[in-house]
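Here you go:
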């Protein structure tokens with residue numbers, strides 16, 4: 175019990191340190207905020223004219239996908255932040271202190287929630303400007319945001335492991351894009367997955383990014399009346415399926431990342 | 199061992215510490231030795247440790263001019279190998295094909311300073327990384343304060359402070375925030391951590407810049423802050439890995455002063471350096487390390503006598519025939535005279551110190567040989583390094599060799 179309290183206290187100290195950096199280096203936050211705006215505008219106006227959503231508008235369809243994609247991209251910052259820490263002398267200091275060995279990773283994933291909250295706020299505003307609306311009330315919308323943040327938090331642990339395993343910060347962007355692009359594009363994020371060729375279609379249907387997108391669309395009320403019920407089970411129960419994935423990711427990747435941190439020698 | 203024997207000699211500097219007071223009557227030594235060793239129950243329990251008591255006791259004996267019983271305690275201590283605060287045996291570490299450590303032993307006794315002296319890539323940082331729990335060796339054992347570095351690493355960490363080769367400070371935090379963060383991670387508590395941070399900023403002359411982000415600091419300021427970080431929890435054992443590498447002379451001297459202060463307060467220190475002068479200045483005991491092995495061990499004086507005694511060095515005026523000058527130096531030395539025609543300098547091993555110096559000056563004066571400069575030179579640690587390894591230290595060679603040691 176006391177160990178857990180110490181671990182939480184240490185994680186809090188590390189998170190506070192990371193937050194100070196977010197405030198003192200506003201360029202990073204700027205980048206985090208500008209890229210989702212760019213994505214919303216690009217997809218809404220470039221693809222918006224060509225992709226037909228039966229009974230609804232592409233902009234309404236798009237936003238769920240963009241939300242999911244953005245929080246997953248946000249996880250890259252967790253990986254980059256840890257990779258940067260590992261490269262600098264500060265990690266030797268942390269590792270020579272009688273602190274909880276999981277605190278550096280826990281503190282990092284916790285402080286990066288700020289990036290996700292900030293980018294969600296910006297995306298909501300941009301979405302409202304281009305014509306996206308919340309139709310199912312505040313409660314459902316709150317659930318949708320909670321689900322997005324939970325998934326983002328879980329996913330940041332995957333990127334934490336990646337960040338602790340790569341040799342330098344420069345590698346992290348390429349390494350994470352190799353995971354993130356297939357995951358966010360072979361899904362129902364930007365186009366309906368029904369039209370995909372067979373193996374990709376199955377992947378898309380069982381892809382947790384699809385279920386997250388589907389869940390968010392349902393909770394915001396962005397699925398037009400008369401849209402046929404999805405045939406795949408994950409998309410019929412998107413909230414539950416997404417929660418199961420969140421649990422699996424955390425159970426697998428939290429211990430892996432913490433162990434990896436303990437072993438990784440500082441690469442200064 | 200050596201130090202324990204020296205403890206009976208009156209002039210041993212280690213035992214002249216004014217802040218160490220005898221706390222126990224001599225008769226209780228045996229009882230203390232018999233009592234089981236207490237460990238792992240937090241800070242401040244030093245007084246319950248028999249080893250520490252022995253140290254105090256020895257000091258008491260010393261101050262009352264070495265009674266027989268205190269000397270027997272010294273030898274008891276000698277038998278009691280755990281008196282070492284830092285102890286490593288047979289450390290081996292490979293990085294792929296590169297051998298960083300090749301069977302390295304180390305003993306640092308309480309309150310002493312041991313300097314690890316060696317060129318880049320000798321294995322100094324690897325030793326420090328292993329002892330500070332950052333690295334697990336391929337073979338060997340290591341204890342710090344009696345605790346196993348590998349199995350009791352968490353307990354070890356609460357007793358040590360580390361200041362590394364690369365200033366381990368966060369650029370985006372202010373000096374104060376850095377120290378405060380470290381204090382919190384040592385679990386000092388909120389108010390004590392803040393108080394200690396301000397105290398250290400003052401001690402390290404960083405008050406004015408304490409609330410500025412570290413990225414505005416100079417190299418010397420960062421090093422000072424990093425050293426302050428190692429001292430936040432007042433650890434009894436300190437590891438400094440090349441604390442002054444890359445600093446300008448003024449900052450280096452400033453840092454030496456701080457380190458010396460710490461040592462007079464009783465801190466046990468393991469210091470690595472590639473500066474021969476630094477080891478000379480700070481360490482009681484110097485271990486010369488090269489290719490992961492100890493190649494020499496002893497006090498600075500001891501190492502210097504290993505390569506020979508004093509030499510006389512004379513520089514004569516430009517118009518003087520140096521061969522003639524050499525004939526006048528000849529009667530004063532039994533060995534070869536080294537002649538450097540380019541700088542008009544002569545040097546030769548001598549005995550007799552100042553008397554010989556005076557005699558040489560007199561005979562040169564009689565022969566009307568102009569002396570530009572003359573003096574007795576004791577061998578530097580650079581000479582030691584050259585004699586031991588066949589090459590000078592990396593420092594003397596400056597940047598002609600590549601860095602081998604992985605960090």
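Protein chains in written order, with the working numbering: chain A, 175 to 442; chain B, 199 to 605. Using N, Cα and C, we set each Cβ at its ideal position, and we do this for glycine too. This one's a predicted model, so the numbers in the text were calculated from it and none came from an experiment.
In chain order, 191 and 194 make up the part of chain A whose C-beta sits under 8 Å from the C-beta of residue 375 (chain B). The beta-carbon separation of residue 411 (chain B) and residue 370 (chain B), rounded to 6 Å, stays under the 8 Å limit for a contact. Within the region 195-206 of chain A, contact with chain B at the beta-carbon level (separation under 7 Å) is assigned to 195, 198 and 199. Annotation: residue 273 (chain A) to residue 228 (chain A) spans about 56 Å, alpha carbon to alpha carbon.
Put simply, the CB of residue 263 (chain A) is near chain B, with a gap under 8 Å to one of its CB atoms.
Look at residue 532 (chain B) here: in three-state DSSP terms it is coil, with no helix or strand label. Short of 8 Å from the beta carbon of residue 181 (chain A), and not among the five residues preceding or following it, lie these beta carbons of its own chain, in chain order: 274, 276, 277 and 280.
Nearest to residue 432 (chain B) by alpha-carbon distance, out of B:376, B:465, B:570 and B:563, is B:465. Contact between residue 523 (chain B) and residue 493 (chain B) fails: their C-beta atoms lie close to 37 Å from each other, not under 8 Å.
Taking a contact as a CB-CB distance under 8 Å, the pair residue 411 (chain A) and residue 387 (chain A) does not count as one, their CB atoms being some 14 Å apart. Look at residue 179 (chain A): its C-beta is not under 8 Å from any C-beta on chain B. At a cut-off of 8 Å between beta carbons, residue 267 (chain A) contacts chain B. Under the Cβ criterion (8 Å, minimum of three pairs), the region 306-318 of chain B counts as touching the region 480-498 of chain B. Burial of residue 423 (chain B) is indicated by the presence of at least 16 other C-beta atoms within 10 angstroms of its C-beta.
By the neighbour-count criterion, in which 16 or more other beta carbons inside 10 Å mark a residue as buried, residue 408 (chain A) falls on the buried side. Nearest to residue 544 (chain B) by C-alpha distance, out of B:510, B:575 and B:450, is B:510. Among the residues facing chain B, residue 187 (chain A) is included, as its CB has a counterpart in that chain under 8 Å away.
In this structure residue 339 (chain B) is exposed. Its beta-carbon is surrounded by fewer than 16 other beta-carbon atoms within 10 angstroms. Around the beta-carbon of residue 515 (chain B), fewer than 16 other beta-carbon atoms lie within 10 Å, marking it exposed. Taking C-alpha positions only, residue 328 (chain B) is separated from residue 317 (chain B) by approximately 19 Å. Boundaries of the beta strand (DSSP E) harbouring residue 437 (chain B): 435-439, taken from the DSSP string. Taking 8 Å as the cut-off, the Cβ atoms of residue 194 (chain A) and residue 350 (chain B) do not count as close. Here DSSP, grouped into helix, strand and coil, assigns residue 228 (chain A) to coil. The DSSP-derived three-state label of residue 491 (chain B) is strand. Straight-line spacing of the CA atoms in residue 335 (chain A) and residue 463 (chain B) works out to 43 Å. Assignment of residue 294 (chain B) by DSSP, reduced to helix, strand and coil, places it in the coil class. For residue 260 (chain A), no chain B residue has a Cβ inside 9 Å of its Cβ, as the nearest lies near 12 Å away.
The beta carbon of residue 286 (chain A) does not come within 8 Å of any beta carbon belonging to chain B, so the residue lies off that interface.
Distances from the CA of residue 346 (chain A) to each of A:256, A:265, A:234 and A:221 were compared; the closest alpha carbon is that of A:256. Counting the other Cβ atoms within 10 Å of the Cβ of residue 350 (chain A) gives 16 or more, which makes it buried. Rounded to whole angstroms, the separation of the alpha carbons of residue 320 (chain B) and residue 582 (chain B) is 16 Å.
Here residue 569 (chain B) really is in contact with residue 512 (chain B); their C-beta atoms are around 6 Å apart, less than 8 Å. In the three-state reduction of the DSSP assignment, residue 527 (chain B) falls in the helix class, which pools H, G and I. Chain-ordered, the chain A residues with CB closer than 7 Å to the CB of residue 362 (chain B) read 263 and 266. Residue 276 (chain A) does not reach chain B, its nearest Cβ partner there being about 13 Å away, counting only Cβ pairs nearer than 8 Å. Taking 7 Å as the upper bound on Cβ-Cβ separation, chain A lies near residues 411 of the region 406-419 of chain B.
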